[in-house]
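> Dropping the structure in here first, questions after.
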Amino acid sequence: MIRRDSSQPATRMAGIWPGIVVFVAAFVAMLPALRGGFIEGDDEQLVLNFVLVSRPSLSHAVELLTLEPHRYLYQPVPMLSFAAEFALLDVLGLSALPDAPNSGTWLFHLTNVLIHAASAVLVWRLIRRLHPDPLVGMVTGILFAIHPMGSEPTAWVCGRMISLSALFSLLSLNLLDAWEERPRMRLIPLVLAALVLAMASKVQVGLPAIMLLLPLARRRWPRRTWWIIWGLCLLLTGCFALLNVTLTQQTHLLEVAAERLEGPRFVRVLLALGWYLSRAVWPAGLAPFHPARWVVAWSDPDVLAAVLTLLVTLVLVIVSLRWTRIGILGLIWFLANVAATLPLLPSRSSMFAERYVYISNIGLFWAIAAFLVFGHRRWADARRSARWCAWVAAGLAALLLITT
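If you count the sequence shown from 1, you need to add 13 to reach this note's numbering.
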């Protein structure tokens with residue numbers, strides 16, 4: 014008679030419960046989005062009033078996979094998900110109109126919330142794989158789950174282009190790291206499939222660069238096959254990027270923006286980076302839309318604040334190298350992904366947007382989580398007098414923030 018180890022289920026649950034906590038935190042934090050409706054603009058043009066989506070059929074689904082229906086970005090995966098929701102509404106006898114007595118608008122928002130929660134779990138899982146302290150993975154997942162900058166791609170129906178791309182990007186990263194840990198042939202097509210789904214939701218040019226961070230975090234030189242997989246991922250990303258650039262050029266958005274925006278582009282980049290870094294720590298002044306400034310100059314007072322924010326960030330990262338490399342890895346993650354959204358090219362009507370850093374902020378959250386856990390460990394070992402001093406300092410800091 015084979016004797017089963019009764020400790021195995023408990024051990025398995027001990028490994029799963031942080032992921033459950035992260036999922037619940039994300040779901041509860043974004044639950045108010047279910048009360049939302051559709052916003053004028055993309056929600057109406059790409060969802061409500063788009064026949065290929067709002068009148069679901071097999072022929073319409075096939076047509077969505079072609080290039081013609083897409084305006085300036087090839088995003089068939091989220092469009093197909095919208096069509097599937099319309100089909101489900103028909104089955105349930107519900108209407109997509111927010112004002113209808115049998116309105117089922119909540120279904121679109123519920124899907125977005127579930128996507129965000131699933132992405133948060135994948136964030137936890139990835140950082141758990143890369144970082145030796147399991148608490149860092151859970152804290153990173155919770156920060157991603159509840160941070161206010163994740164609200165826009167979750168509460169906005171068409172924010173699904175971002176959130177779905179993030180979900181599949183994180184899935185590809187987890188699968189690639191799982192292959193590196195224990196090579197299995199069946200994982201290779203899954204990595205490539207997840208990447209294609211991510212790119213067909215919204216192109217993430219920085220994803221191959223983030224993939225390079227996985228062996229760096231493990232301090233391990235990848236196998237030759239890993240480089241072949243990475244090369245295929247880079248090739249697929251380049252193909253999708255070229256496709257979307259071609260579609261965008263047909264709309265003449267670049268020419269129109271170049272005629273209206275004035276001032277050094279590097280100033281716009283500094284302003285955007287300063288805004289993103291400061292809001293990751295202190296998420297104040299968030300809004301659905303941040304219009305681009307038509308004229309910028311080095312004399313702009315916000316430029317000095319942005320430069321100081323960047324300098325403080327760099328100093329903290331350099332100082333942290335004494336104990337850990339997570340600070341530099343997190344910053345590289347952030348910069349690698351956010352680079353494609355920075356206003357180096359005058360192609361955007363907004364200076365910055367919360368949705369642009371939905372994936373990028375994971376690197377910052379990783380660094381912040383490592384810092385918080387490190388502080389917690391040191392705090393637990395500190396003497397009582399030192400703790401009292403810390404409590405007093407924290408109280409004074411809180412009072413200063415409230416009064417200012």
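Beta carbons: idealized from backbone N, C-alpha and C, even for Gly.
Between Gly54, Val126, Val386, Ala97, which lies nearest to His73 when the distance is taken from Cα to Cα?
Nearest option by C-alpha distance: Ala97.
> With distances taken Cα to Cα, identify the nearest neighbour of Glu275 among Trp243, Leu220, Val309, Tyr289.
Among Trp243, Leu220, Val309, Tyr289, the Cα nearest to that of Glu275 is on Val309.
> Could you check which residue in Met151, Phe36, Arg281, Leu299 has the C-alpha nearest to that of Val320?
That would be Arg281, whose Cα lies nearest to the Cα of Val320.
> Where does Val373 fall in DSSP's three states?
For the sequence presented, residue 373 should be read as Ser rather than Val. Ser373: coil per DSSP, three-state reduction.
> Is the segment 120 to 135 in contact with the segment 343 to 356, if contact means three or more CB pairs nearer than 8 Å?
Judged by Cβ distances under 8 Å, the segment 120 to 135 makes no contact with the segment 343 to 356, as fewer than three pairs qualify.
> In whole angstroms, give me the CA-to-CA distance for Ala352 and Gly106.
Between Ala352 and Gly106, the C-alpha separation is close to 45 Å.
> Out of Arg197, Leu205, Ala168, point me to the one whose CA is closest to Leu186's CA.
The candidate whose alpha carbon is nearest that of Leu186 is Leu205.
> Can you tell me whether Phe302 is buried or exposed, with buried defined as 16 or more other CB within 10 angstroms of its CB?
Flag for Phe302 reads exposed.
> Could you check whether the segment 60 to 68 touches the segment 28 to 39, counting it as contact only if at least three pairs of C-beta atoms, one from each stretch, sit closer than 8 Å?
Touching, no.
> Using the DSSP secondary-structure output, state which residues sit across from Glu275 in a beta bridge.
BP columns for Glu275 point to Val308.
> Closer than 7 Å by C-beta to Ala254: which residues in its own chain qualify, once you throw out the five before and the five after it? Chain order, please.
Once the five neighbours on either side are set aside, the close Cβ partners of Ala254 are Val216, Val218.
> Let me make sure I understand the geometry here. Which of Arg236, Ala207, Met174, Trp240 has the alpha-carbon closest to that of Ser418?
In this structure the chain extends from 14 to 417, so residue 418 is not present and cannot be described.
> Is Ile415 buried or exposed, if buried means 16 or more other CB atoms sit within 10 Å of its CB?
Reliability fails at Ile415, whose pLDDT of 44 lies under 50, so the model's placement of it is uncertain and the value that follows must be treated cautiously. It counts as exposed.
> In angstroms with no decimal places, state the Cα-to-Cα distance between Leu120 and Trp234.
Answer to the nearest angstrom: the Cα atoms are 45 Å apart.
> Which term fits Arg199, buried or exposed, when burial requires 16 or more other beta carbons within 10 angstroms of its beta carbon?
It counts as exposed.
> In the segment 164 to 201, which residue ranges form an unbroken alpha helix (DSSP H) of at least 4 residues, counting only runs that do not cross its ends?
For the segment 164 to 201, whole alpha helix (DSSP H) runs of length 4 or above, ordered along the chain, are 164 to 168, 173 to 194.
> Less than 8 Å separating the beta-carbons of Leu123 and Ser116?
No, they are not a contact pair.
> Excluding five sequence neighbours on each side, which residues of the same chain lie with their C-beta closer than 7 Å to the C-beta of Pro161?
Cβ within range, chain order: Pro296, Leu299.
> Could you check which residue in Phe347, Thr259, Leu47, Leu139 has the C-alpha nearest to that of Arg231?
Minimum Cα distance to Arg231 is reached at Leu139.
> Would you tell me roughly how many angstroms separate the C-alpha atoms of Ala42 and Ala158, rounded to the nearest one?
Distance between the alpha carbons of Ala42 and Ala158: 7 Å.
> Using a Cβ-Cβ cut-off of 8 Å (strictly less than) and excluding sequence neighbours within five positions of Trp311, which residues of its own chain qualify?
Here the set comprises Pro277, Val280.
> Given Leu245, which residues of its chain have a CB within under 7 Å of its CB, disregarding the five upstream and five downstream residues?
So the list reads Leu205, once near-sequence residues are dropped.
> Determine the direct distance from the alpha carbon of Val258 to that of Tyr85, and round the result to whole angstroms.
Going from the Cα of Tyr85 to the Cα of Val258 covers about 8 Å.
> To the nearest angstrom, report how far apart Thr337 and Leu71 are at their CA atoms.
The straight-line gap from Cα to Cα measures roughly 53 Å.
> Considering only residues of the segment 116 to 156, which uninterrupted alpha helix (DSSP H) runs meet the minimum length of 4 residues and lie entirely inside it, listed in chain order?
Runs found: 119 to 143.
> So, are the CB atoms of Arg236 and Pro196 less than 8 Å apart?
It is a contact, given that the beta carbons lie within the stated cut-off.
> Which same chain residues, not among the five before or five after Val69, have their C-beta less than 6 Å away from its C-beta?
Position check: residue 69 holds Pro in this sequence, whereas Val was assumed. Excluding sequence neighbours, Pro69 sits near Ala96, Phe99, Ala100.
> Who are the near neighbours of Gln88 in its chain, counting only those whose CB is closer than 8 Å to its CB and skipping five residues on each side?
Only Met174, Ala213, Ser214, Lys215 meet the Cβ criterion.
> If you draw a straight line from the alpha carbon of Pro10 to that of Tyr369, how long is it in whole angstroms?
The chain is shown only over 14 to 417; residue 10 falls outside these bounds and no answer can be derived.
> Quick one: Cα of Ser182 to Cα of Gly388, how far?
Each residue's Cα considered, the two are about 31 Å apart.
> Taking the continuous alpha helix (DSSP H) assigned at Asp103, which residues delimit it?
That run of the alpha helix (DSSP H) goes 89 to 105.
> Are the beta-carbon atoms belonging to Gly340 and Leu323 less than 8 Å from one another?
No. Outside cutoff.
> Under a three-way DSSP split, which group does Ser20 fall into?
Caution applies to Ser20, whose pLDDT of 43 falls short of 50 and renders its modelled position unreliable; the value that the coordinates give is listed next. Helix, per DSSP.
> When you compare each of Arg292, Ala380, Ser291, Asp315 to Ser333 by their alpha carbons, which one comes out closest?
With distances taken between Cα atoms, Ser333 lies closest to Ala380.
> Assign Glu81 to one of two classes, buried (16 or more other C-beta atoms within 10 Å of its C-beta) or exposed (fewer than that).
Exposed, by the Cβ-count rule.
> Leaving out the 5 sequence neighbours to the left and right, which residues in its chain are closer than 6 Å to Leu344 when beta-carbon positions are compared?
Answer for Leu344: Val330, listed in chain order.
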